[in-house]
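Q: Which chain is which? The protein sequence lines are W and G, in order. According to this note's numbering, the first sequence is numbered sequentially starting from 1. According to this note's numbering, the second sequence is numbered sequentially starting from 1001. In this text, a Cβ means the ideal position worked out from N, Cα and C, and glycines have one as well. The structure displayed is predicted, hence computed values, not measured ones.
Number of protein chains: 2
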Amino acid sequence: METTGFERHDHGACIRDGVSAVDARCRELGLQFTPVRRRVLELLLEGHRALGAYDILDRLREEGLGSQPPVAYRALDFLVKHGFAHKIERLNAFVACACPGESHMPAFLICRQCDKVAEAEADMRDGRLGESAAAVGFRIERAVVEAEGLCPSCQGAAA
Amino acid sequence: METTGFERHDHGACIRDGVSAVDARCRELGLQFTPVRRRVLELLLEGHRALGAYDILDRLREEGLGSQPPVAYRALDFLVKHGFAHKIERLNAFVACACPGESHMPAFLICRQCDKVAEAEADMRDGRLGESAAAVGFRIERAVVEAEGLCPSCQGAAA
DNA sequence: TCGTGAATTGTGATAATATAACAGAGGGCG
DNA sequence: CGCCCTCTGTTATATTATCACAATTCACGA
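Next up, the structure:
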């Protein structure tokens, strides 16, 4: 289990790699990685932050890539459906996936101060929740796991 | 760790006990358990299902207890704030708390077929997510844990 | 008991998030 | 070319949630 997002890293590479990984994956799967979809992914990769659909729509509008909600929602649906982005239910917002292509049950660490979001792997079917689900005979298919708190640098800033 | 909601149980008692537990707790804490708040809690306890704010508002309207959204939202905010109910982010809906009064980090098992919701205890600060959060120095304060899948009886029905 | 301030409720308006429906554009392929 | 399929553009609308402010009710001490 690993996390990304709070450590410092080469963020330019982070965007480039994210986009090209998705690009490759789309080629593999025969999916169309259109300009709107690509741009939305770039926007999501820009900060390790969750962006609302309307934030994204505003950016698209500025750039002449579309002006109505369905444009943004369709691109986001595409990205989410294929695992290139995730929806953060707690925030009604979206983040780029930290490891596109790998199938996983993501969990998120959301800083309430700076709004950064890190992605971790946490398959709930193992572990204690999985046990208690199994105990009552519930079969877990998907899970939303969103932890909220303070990231390391905001803890430092508070002190 | 225990769950409730999928086992069969005396549901009449379930509502009565839920309401009176909250009633007692409000008395303890000097909170006003007003008619609207009581009624909303009863509605939430009726099925072990998540109800949307507007579903609740419709019921309140029928009963002459209020007709505008803030009436429902304020009652729900009260119940959630004091731990008598929880919001299911995945569904934008609300459920009564299975063990009001006890402070806890609830997790939910949501059946995608029958919409029933069971509550389990799952403190994310322990376990593997907690470890990986600790590893990057993230301090978890709250967590949304919502597992979706099939409850025992819906698995049976599917077969 | 009464006054006072705080909490609660009533109501209209509006914000924020999300989807439906259908027409048009474009590309691959017979 | 003509057909089909996917993607895009656009209007309209649905769903979820909050703001603002007036009216009322309630708790509590004088």
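(1) Select from Ala1093/G, Leu1079/G, Leu1091/G, Gly1156/G the residue whose C-alpha is nearest the C-alpha of Cys1099/G.
(2) How many Å lie between Arg1037/G and Leu1076/G at the Cα?
(3) With a threshold of 9 Å between beta-carbons, can Leu150/W be considered close to chain G, or not?
(4) Are the CB atoms of Phe1108/G and Glu1063/G within a distance shorter than 9 Å?
(5) By the three-class DSSP mapping on this structure, what secondary structure does Gly1149/G have?
(6) With DSSP as the reference, label His1086/G as helix, strand or coil.
(7) Quick check on the DSSP output: the beta strand (DSSP E) that includes Cys14/W runs from which residue to which?
(8) Hey, Val1095/G and Glu1119/G: beta-carbon distance below 9 Å or not?
(9) For chain G, check one thing: does any of its Cβ atoms lie closer than 9 Å to the Cβ of Met1/W?
(10) Taking CB distances under 9 Å as the criterion, tell me whether Cys983/G reaches chain W.
(11) Which stretch, first to last residue, makes up the beta strand (DSSP E) that contains Ala1118/G?
(12) Which residue wins for smallest C-alpha separation from Arg25/W, given the options Gln68/W, Phe84/W, Glu89/W, Tyr73/W?
(13) Enumerated in chain order, which unbroken segments of the beta strand (DSSP E) with a length of 3 residues or greater are wholly contained in the stretch 1044-1104 of chain G?
(14) By the 10 Å Cβ neighbour count, where 16 or more other Cβ atoms means buried, how is Pro106/W classified, buried or exposed?
(15) Below 8 Å between beta carbons is the criterion; list the residues of the stretch 1128-1157 of chain G that meet it against any residue of chain W, in chain order.
(16) Need the endpoints of the beta strand (DSSP E) that Phe108/W sits in, please.
(17) Do Arg1128/G and Ile1161/G come within 9 Å of each other at the CB atom, strictly closer than that value?
(18) Would you list the residues sitting across from Arg142/W in a DSSP beta bridge?
(19) Compare the C-alpha of Gly1066/G against each of Gly1012/G, Ala1157/G, Pro1035/G and name the closest.
(20) Determine the DSSP secondary structure at Glu7/W, reduced to helix, strand or coil.
A: Working from what's here:
(1) Leu1079/G
(2) 8 Å
(3) yes
(4) no
(5) strand
(6) strand
(7) Where Cys14/W is concerned, there is no enclosing beta strand (DSSP E), although the alpha helix (DSSP H) it sits in stretches over 11-29.
(8) yes
(9) Caution applies to Met1/W, whose pLDDT of 41 falls short of 50 and renders its modelled position unreliable; the model cannot decide the point.
(10) Examination of residue 983/G is not possible in this model, given that chain G is present from 1001 through 1159 alone.
(11) 1117-1121
(12) Phe84/W
(13) 1085-1088, 1093-1096
(14) buried
(15) Arg1128, Leu1129, Glu1131, Ser1132, Ala1133, Ala1135, Val1136, Gly1137, Phe1138, Arg1139, Ile1140, Glu1141, Arg1142, Ala1143, Val1144, Val1145, Glu1146, Ala1147, Glu1148, Gly1149, Leu1150, Cys1151, Pro1152, Gln1155
(16) 106-111
(17) Nothing about residue 1161/G can be reported from this structure: the residues present for chain G run from 1001 to 1159 only.
(18) Glu1148/G
(19) Pro1035/G
(20) coil
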